[in-house]
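**Q** Sending over a structure as structure tokens; questions will come in a sec.
Number of protein chains: 2
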Amino acid sequence: MLDIKDIYKDYKNFLNKEITLQGWIRNHRKQKEFGFIDFNDGTYLKNLQVVYDNSLSNFDDISKMRIGSAVTVKGILIESTGKQDFELKALDVILEGDCDDNYPLQAKGRPTREFLREIAYLRPRTNLFNAVFRVRSVAAYAIHKYFQDNGYVYFHAPLITSSDCEGAGEMFQVTTLDLERIAKSGNVDYSKDFFNKQTSLTVSGQLQAETFALAYKKTYTFGPTFRAENSNTKTHASEFWMIEPEIAFCDLEGDMDIMEDMLKYVVKYVLDNCKAEMEFFDSFVEKGLLDKLNKLINSKFVRIDHEEVIKILKEADVKWEFEPEYGEDIAKEHEKYITEYFNGPVFIKNWPKDIKAFYMKQNPDGKTVAAVDLEVPGAGELMGGSEREADYNKLITRMDELKMDKKSLDWYLNLRKYGGCVHSGFGMGFERLLIYLTGVDNIRDVIPYYRTPGNCDY
Amino acid sequence: MLDIKDIYKDYKNFLNKEITLQGWIRNHRKQKEFGFIDFNDGTYLKNLQVVYDNSLSNFDDISKMRIGSAVTVKGILIESTGKQDFELKALDVILEGDCDDNYPLQAKGRPTREFLREIAYLRPRTNLFNAVFRVRSVAAYAIHKYFQDNGYVYFHAPLITSSDCEGAGEMFQVTTLDLERIAKSGNVDYSKDFFNKQTSLTVSGQLQAETFALAYKKTYTFGPTFRAENSNTKTHASEFWMIEPEIAFCDLEGDMDIMEDMLKYVVKYVLDNCKAEMEFFDSFVEKGLLDKLNKLINSKFVRIDHEEVIKILKEADVKWEFEPEYGEDIAKEHEKYITEYFNGPVFIKNWPKDIKAFYMKQNPDGKTVAAVDLEVPGAGELMGGSEREADYNKLITRMDELKMDKKSLDWYLNLRKYGGCVHSGFGMGFERLLIYLTGVDNIRDVIPYYRTPGNCDY
């Protein structure tokens with residue numbers, strides 16, 4: 212069956228021809244002798260205007276059709292005298308599924324994003340969310356296409372896990388134990404749990420992805436990860452999707468090359484393949500979005516040491532809320548300043564060891580690790596990566612310093628004894644990318660059904 | 212950097228040229244004056260033979276290099292006088308990462324799949340698993356490519372959920388409640404849980420996907436799903452990936468068209484893009500695999516009612532373990548018989564209502580639903596789908612009959628009041644497809660890190 216998208220691609224192909232479409236009534240303006248239906252079948256952001264008049268035998272029925280209804284429309288595509296290039300002159304409109312009057316998406320007024328979160332199952336029918344979730348789909352595909360075209364093997368990291376990647380994030384427990392029975396018996400027996408031990412939802416697939424990098428040379432994950440942090444911010448969700456590439460025989464410089472190349476590819480792919488959606492965001496969500504993204508594609512990302520960044524921040528004529536310090540993390544205000552200072556994306560590398568994860572390669576200075584964060588104008592940190600510590604003894608020593616359990620990670624340590632090599636990787640939160648791509652600034656609005664503390668509907 | 216894959220693609224490009232590769236020693240045969248290294252960098256199934264001799268200044272060091280070690284090899288690609296077309300005459304071999312003598316993947320003897328499961332983190336370094344997980348990656352991409360090229364929107368279904376899709380599968384509970392504290396206090400208070408209520412891991416994203424189908428017309432999921440069933444069979448895992456397309460304005464016949472088209476596309480894509488791997492499986496795992504798959508691509512799938520199938524089974528001159536019955540499910544032996552009877556894939560449709568899920572469209576006969584299973588020779592059921600019940604009242608009545616909770620599915624029911632239409636969808640277990648594609652018959656061997664009752668390593 213024909214899609215609206217096909218018509219928008221080249222409407223002249225269809226001019227003065229009879230076509231049939233199926234979709235929904237987005238808006239309906241009725242007059243005595245004719246009427247206009249804003250018709251949309253979901254395949255394209257823009258509606259098709261359907262014009263009908265009282266020469267049709269079922270004119271009365273059509274004019275009673277309600278917003279939200281599913282319909283089949285038959286008609287001739289003609290050039291329009293109105294705003295749009297073309298419209299459909301109806302030969303028939305057939306009701307496929309009626310819509311109640313209490314349908315929340317009436318044409319009057321623009322519903323707020325907060326209201327639409329309450330009816331999340333209907334919001335992809337609005338222009339904004341239709342565009343957001345189409346871009347989500349296309350961006351996801353662009354990521355797969357980039358890695359597959361470049362010889363990476365897609366790795367499905369396990370979701371239920373008995374190992375805690377970084378000790379960094381709070382984890383959700385996964386169990387089949389009967390909690391009511393635990394309450395009654397006063398006893399928790401993990402040997403009776405489904406996996407005969409305590410298990411959780413993963414916070415990262417990186418450690419497991421390293422096993423694939425050391426077999427395939429290049430691998431990437433793209434799957435859900437979970438954090439049980441009780442934080443209610445615009446950028447945190449309890450369930451989100453993450454991309455974690457991992458590359459053998461690749462150092463930190465090589466890692467940054469890939470991060471930059473991949474990001475530019477994905478941004479360009481979305482700009483090329485979601486023109487209507489990206490123009491919509493540029494007009495109605497974030498003025499200047501297209502300029503921002505086109506600038507990113509054409510810029511050379513700056514690469515600078517964390518220490519140098521602190522120096523720049525300290526020398527800046529700015530009253531900081533948080534004073535920048537050598538050896539410490541940087542705050543949102545610092546991220547903002549540094550991308551403005553360089554007027555573009557900045558890789559900040561060689562971070563203080565003590566604020567970074569155990570698996571990062573220790574630099575010869577004894578103070579820093581070969582880690583990198585990518586900061587982009589307007590969004591802050593978009594990706595983080597590192598060269599991984601390939602030295603078995605250094606890794607062991609670091610884990611001991613951090614009082615980590617080495618036993619449950621023996622397989623990870625063994626990678627350093629069984630043909631280990633220089634290798635690197637990075638992680639990108641998919642929703643963070645979408646926020647950057649669309650200008651929609653709340654993570655709840657770029658995930659179809661978001662999970663945050665206290666929210667688990669659908 | 213150059214990959215072995217590039218050389219195998221067209222080795223004549225590289226003949227008599229100096230090249231550098233990085234990878235691992237798979238096998239090493241040393242003689243007094245020269246030696247052979249089976250070298251592999253993970254980008255291709257086949258090894259590259261590296262020949263070195265005592266004209267090299269570090270001949271002694273090279274000859275001591277152990278199996279599993281990471282190395283950089285420099286050399287000239289030359290035509291070979293041996294079995295292979297070409298080999299690398301080494302100019303230098305540099306040790307990048309040594310490998311312990313206790314490395315489990317020594318060249319001697321072929322390790323069993325059971326043994327390799329114990330060292331799952333190393334098994335992608337073997338030919339069999341290298342091939343399996345590369346096919347897994349390529350098949351996943353083929354699925355995305357098929358749906359994206361055909362205008363489907365990729366939908367990320369939520370993993371943590373408060374609704375139970377079918378009431379069909381046992382679910383894992385997700386919680387941040389402290390179980391030890393529950394044991395002590397004798398009280399379970401879900402208002403204190405992370406989401407302020409009881410939540411689980413999803414068994415299917417279908418119901419949520421329907422909300423996207425009724426907005427975008429065509430959508431698909433591809434993500435993890437979970438079952439807490441305590442079953443230890445070759446085809447059941449507790450965590451697996453599933454593909455669930457959902458299409459508006461599509462009836463059961465259209466659904467079958469898509470199932471057939473998609474399957475053929477994916478099989479063909481894998482055959483075209485994993486030639487070496489598929490030949491390997493055909494030779495060493497399942498004789499006749501390539502014939503089986505090529506036949507599938509070129510066959511027209513049979514479409515037949517469940518009732519007719521039972522009739523055929525009853526008339527068959529076979530002593531059944533389970534007697535086929537009208538109104539009942541069919542057993543593995545029946546699936547096998549019917550695909551042999553038709554000598555190809557068979558869609559069995561219009562199943563007895565009482566053995567199928569509540570959301571399936573009730574047929575006018577009052578006894579059957581518009582459901583379909585695809586049975587393929589050698590693997591049994593590969594996909595299952597149905598037209599969805601679009602009639603609000605019929606759906607309500609059926610849910611009442613099954614004593615289901617309508618309140619938590621009010622959004623799902625509303626889809627029938629807000630412009631509902633004929634729509635259909637299906638589900639395909641990704642690992643089941645991989646078993647069919649590779650001939651590897653245990654689900655534990657087609658998932659990188661499998662989760663089954665009592666097993667949650669890595």
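Chains as they are written, first to last, in my numbering: chain A, 212 to 669; chain B, 212 to 669.
The beta carbon of each residue, even a glycine, is placed where N, CA and C say it ideally should be.
1. Give me the chain A residues within the contact set of G362/B, using Cβ-Cβ distance strictly less than 8 Å, ordered along the chain.
2. When DSSP labels each residue in this structure, what does A601/A get in the three-state scheme?
3. To the nearest angstrom, how far is it from the Cα of D249/B to the Cα of V261/B?
4. Report the neighbours of I454/B on chain A: residues whose CB is nearer than 9 Å to its CB, in chain order.
5. How about W531/B: is its C-beta nearer than 9 Å to some C-beta of chain A?
6. Taking 9 Å as the threshold (C-beta atoms), are A420/B and T430/B in contact?
7. Do the CB positions of F512/A and P556/A come within less than 9 Å of each other?
8. Taking just the CA atoms, how far does L259/A sit from G293/A?
9. By how many angstroms is the C-alpha of N505/A removed from the C-alpha of V414/B?
10. Looking at the structure shown, is Y552/A part of a helix, part of a strand, or coil, going by DSSP?
11. Taking the alpha helix (DSSP H) that A350/B belongs to, which residues open and close that run?
12. For I566/B, collect the residues of the same chain with a Cβ closer than 6 Å to its Cβ; drop the 5 residues on either side in sequence, then sort them by chain order.
13. Output needed for P535/B: all residues of its chain with C-beta closer than 7 Å, excluding positions within five of it in sequence on either side, in chain order.
14. For the beta strand (DSSP E) holding N625/B, just list the boundary residues, first then last.
15. Extract the residue ranges of the beta strand (DSSP E) inside the region 431-511 of chain A, only unbroken runs of 3 or more that lie entirely within it.
16. What is the rounded straight-line gap between the Cα of F533/A and the Cα of R627/A?
17. Counting only beta-carbon atoms, is C485/A nearer than 9 Å to chain B?
18. Contact between the region 350-361 of chain A and the region 644-652 of chain B is defined here as three or more beta-carbon pairs at a separation below 8 Å; is this criterion met?
19. Distance, Cα to Cα, G320/A vs D493/A?
20. What three-state label does DSSP hand A281/A in the structure shown?
21. Please tell me whether G596/A and M453/A are closer than 9 Å, where the distance is taken between their beta carbons.
22. Does any CB atom of chain A fall closer than 9 Å to the CB of T550/B?
23. What residues in the region 377-400 of chain A bring their beta carbon closer than 8 Å to a beta carbon of chain B?
24. Can you check which of these residues, D389/B, K564/B, R514/B and K530/B, is closest to G538/B by C-alpha distance?
25. Mind pulling the chain B residues with CB within less than 8 Å of Q690/A?
26. 9 Å is my cut-off, CB to CB: does A368/A come that close to chain B?
27. Report the three-state DSSP secondary structure of H239/B (helix, strand or coil).
28. Should the region 635-647 of chain A be regarded as contacting the region 460-480 of chain A, the criterion being three or more beta carbon pairs within less than 8 Å?
29. Which bits of chain B does K220/A rub up against, with CB to CB less than 7 Å?
30. Give the C-beta separation of Y401/B and K408/B to the nearest angstrom, bearing in mind that I take them to be a contact with Cβ-Cβ under 8 Å.
31. Can you find a C-beta in chain A that's less than 9 Å from the C-beta of Q573/B?
32. How about T386/B and F405/B: do their beta carbons lie closer than 9 Å?
33. If we call anything under 9 Å between Cβ atoms a contact, is D584/A one with F553/A?
34. For L327/A, which option in C667/A, T663/A, G665/A and R655/A has the closest C-alpha, if you only look at C-alpha atoms?
35. Taking only the alpha-carbon atoms, compute the straight-line gap between E298/A and L507/B and give it to the nearest angstrom.
36. Is C632/A closer than 9 Å to Q233/B when the C-beta atoms are compared?
**A** Looking at the coordinates:
1. Position 151 of the second sequence, counted from the first residue, corresponds to residue 362/B. Here the neighbours are D214, K216 and T254.
2. Counted from its first residue, the first sequence places residue 601/A at position 390. A601/A: coil per DSSP, three-state reduction.
3. Locating residue 249/B in the second sequence gives position 38, where the first residue counts as 1. Locating residue 261/B in the second sequence gives position 50, where the first residue counts as 1. Spanning the two alpha carbons is a distance of roughly 6 Å.
4. In the second sequence, counting from the first residue as 1, residue 454/B sits at position 243. Those within 9 Å of I454/B in chain A number zero; the least Cβ separation is about 13 Å.
5. Here residue 531/B refers to the residue found at position 320 when the second sequence is read from its first residue. No, no contact with chain A.
6. By one-based count along the second sequence, residue 430/B stands at place 219. By one-based count along the second sequence, residue 420/B stands at place 209. The answer is yes: Cβ separation under 9 Å.
7. The residue you call residue 512/A lines up with position 301 of the first sequence. The residue you call residue 556/A lines up with position 345 of the first sequence. Yes, they are a contact pair.
8. Reading the first sequence from its first residue, position 82 is the one you call residue 293/A. Reading the first sequence from its first residue, position 48 is the one you call residue 259/A. When rounded, the distance between both Cα atoms is 12 Å.
9. For the purposes of this step, residue 414/B is taken as the residue at position 203 of the second sequence. For the purposes of this step, residue 505/A is taken as the residue at position 294 of the first sequence. Computed Cα separation, rounded: 41 Å.
10. By one-based count along the first sequence, residue 552/A stands at place 341. Here Y552/A sits in helix by DSSP.
11. Taking the second sequence and counting its residues from 1, the one referred to as residue 350/B is at position 139. Here the alpha helix (DSSP H) through A350/B covers N338 to D360.
12. The residue labelled residue 566/B in the question sits at position 355 within the second sequence. For I566/B, where only same-chain residues beyond five positions count, the Cβ hits under 6 Å are D540.
13. If you number the second sequence from 1, residue 535/B lands on position 324. I521, L524, K525, I541 and H545, listed in sequence order.
14. Position 414 of the second sequence, counted from the first residue, corresponds to residue 625/B. Counting along the chain, N625/B falls outside any beta strand (DSSP E), though it belongs to the alpha helix (DSSP H) covering D621 to N625.
15. List check, beta strand (DSSP E) in window: 450-459.
16. Along the first sequence, one-based indexing puts residue 533/A at 322. Along the first sequence, one-based indexing puts residue 627/A at 416. Approximately 39 Å between the Cα atoms of the pair.
17. Walking along the first sequence from the start, residue 485/A turns up at place 274. So, not an interface residue.
18. no
19. Locating residue 320/A in the first sequence gives position 109, where the first residue counts as 1. Locating residue 493/A in the first sequence gives position 282, where the first residue counts as 1. Taking the straight line from one Cα to the other gives about 21 Å.
20. Here the question's residue 281/A lines up with position 70 in the first sequence. It is a strand residue.
21. To locate residue 596/A, count along the first sequence from 1; it is residue 385. To locate residue 453/A, count along the first sequence from 1; it is residue 242. No, they are not a contact pair.
22. Position 339 of the second sequence, counting from 1, holds the residue named residue 550/B. So no, T550/B is outside the interface.
23. E381, F383, Q384, V385, T386, T387, L388, L390, E391, I393, A394, K395, S396, G397, N398 and V399
24. Along the second sequence, read from residue 1 onward, the residue named residue 538/B stands at position 327. It is K564/B whose Cα lies nearest to the Cα of G538/B.
25. Absent from the model: residue 690/A. The displayed extent of chain A is 212 to 669, so no value can be given.
26. Working through the first sequence from its first residue, we reach residue 368/A at position 157. Closer than 9 Å to the CB of A368/A there is at least one CB belonging to chain B.
27. Looking up residue 239/B in the second sequence gives position 28. Three-state DSSP puts H239/B in a strand.
28. yes
29. For the purposes of this step, residue 220/A is taken as the residue at position 9 of the first sequence. Contact note: K220/A does not reach chain B at a C-beta cutoff of 7 Å; the least C-beta distance is about 11 Å.
30. Along the second sequence, read from residue 1 onward, the residue named residue 401/B stands at position 190. Along the second sequence, read from residue 1 onward, the residue named residue 408/B stands at position 197. 5 Å between Cβ atoms; contact.
31. The residue given as residue 573/B occupies position 362 in the second sequence. No, Q573/B does not count as interfacial toward chain A.
32. For the purposes of this step, residue 386/B is taken as residue 175 along the second sequence, with counting starting at 1. For the purposes of this step, residue 405/B is taken as residue 194 along the second sequence, with counting starting at 1. With contacts defined by Cβ atoms closer than 9 Å, T386/B and F405/B form a contacting pair.
33. Taking the first residue of the first sequence as 1, we reach residue 584/A at position 373. Taking the first residue of the first sequence as 1, we reach residue 553/A at position 342. Cβ atoms of D584/A and F553/A: not closer than 9 Å.
34. Your numbering for residue 327/A matches position 116 in the first sequence. With distances taken between Cα atoms, L327/A lies closest to R655/A.
35. Here the question's residue 298/A lines up with position 87 in the first sequence. Here the question's residue 507/B lines up with position 296 in the second sequence. Whole-angstrom Cα-Cα distance: 44 Å.
36. Along the second sequence, one-based indexing puts residue 233/B at 22. Along the first sequence, one-based indexing puts residue 632/A at 421. Taking 9 Å as the cut-off, the beta carbon of Q233/B is found closer than this to the beta carbon of C632/A.
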